[in-house]
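Here is the structure we will look at.
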Amino acid sequence: MDVNIKDFEGAIAELETIVRKLEEGDLALEQSLELYERGVRLSRYCHARLEEAERRIEVL
Numbered sequence: 003m004d005v006n007i008k009d010f011e012g013a014i015a016e017l018e019t020i021v022r023k024l025e026e027g028d029l030a031l032e033q034s035l036e037l038y039e040r041g042v043r044l045s046r047y048c049h050a051r052l053e054e055a056e057r058r059i060e061v062l
């Protein structure tokens with residue numbers, strides 16, 4: 003897990019912010035790439051947490 007990702011809800015909020023910034027299109031290329039990479043990490047983190055929650059629910 004990325005040490006800067008606190009929880010699922012925080013990751014979703016940050017991902018939404020990143021998407022908004024990228025859609026605005028006012029960023030330099032390097033900054034856009036950094037945000038995109040961070041967004042990919044956040045997306046993977048959220049996907050993993052959702053899969054984990056699904057497995058826990060299936061056990062119940």
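If you count by my numbering, then the sequence shown holds residues 3 to 62, one letter each, in order. Just so you know, even glycine gets a beta-carbon here, dropped at the ideal spot from N, CA and C.
*Alpha-carbon to alpha-carbon, Ala15 and Leu37*: The residue given as residue 37 occupies position 35 in the sequence shown. The residue given as residue 15 occupies position 13 in the sequence shown. Cα to Cα, Leu37 sits roughly 14 angstroms from Ala15.
_Along the chain, where does the alpha helix (DSSP H) containing Gly41 start, and where does it finish?_
For the purposes of this step, residue 41 is taken as residue 39 along the sequence shown, with counting starting at 1. 31-61 is the extent of the alpha helix (DSSP H) around Gly41.
*Could you have a look at Lys23 and say whether DSSP puts it in helix, strand or coil?*
For the purposes of this step, residue 23 is identified with residue 21 of the sequence shown, where counting begins at 1. It is helical.
*Whole-Å CB distance - Lys62 paired with Gly41, under 8 angstroms assumed*: In the sequence shown, the residue the question calls residue 62 occupies position 60. In the sequence shown, the residue the question calls residue 41 occupies position 39. Per the sequence presented here, residue 62 reads as Leu, with Lys not at that position. With 8 angstroms as the limit, Leu62 and Gly41 do not qualify as a contact, their Cβ atoms being about 32 angstroms apart.
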